[in-house]
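In this note's numbering, the protein residues as written are 523 to 608.
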């Protein structure tokens, strides 16, 4: 019985770990979606600034694009760490 009990506990831990990995993957995907949306918004804002000649819109658009790039880099690092841990 003790052996069966250990196997069941082991299976429960593995189930939990699988759920954590799936949640992490979902978060990574959501974070990448947010970063992509921010990048697109930044490009649009910069383009509007270029058309209207508004330096504030140009600068804010570039700032959003830079933030998006940082967000993508953070997700890349997370993915690399997860890959090395697996």
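Built from N, CA and C at the ideal position, the CB exists for glycine as well. Quantities reported herein were computed from a predicted structural model and do not represent experimental measurements.
- Item | Neighbour-count burial assignment, residue 586, 16 or more Cβ in a 10 Å radius | A residue is called buried once 16 or more other Cβ atoms fall within 10 Å of its Cβ, and residue 586 is buried on that count.
- Item | residue 579: first and last residue of the uninterrupted alpha helix (DSSP H) it sits in | Residue 579 -> alpha helix (DSSP H) spans 577-607.
- Cα separation between residue 599 and residue 567? Cα-Cα distance, rounded: 28 angstroms.
- Message: DSSP three-state label for residue 529, please.
- Response: With a pLDDT of 48 at residue 529, under the threshold of 50, the predicted position of this residue should be treated as unreliable, and no value is reported.
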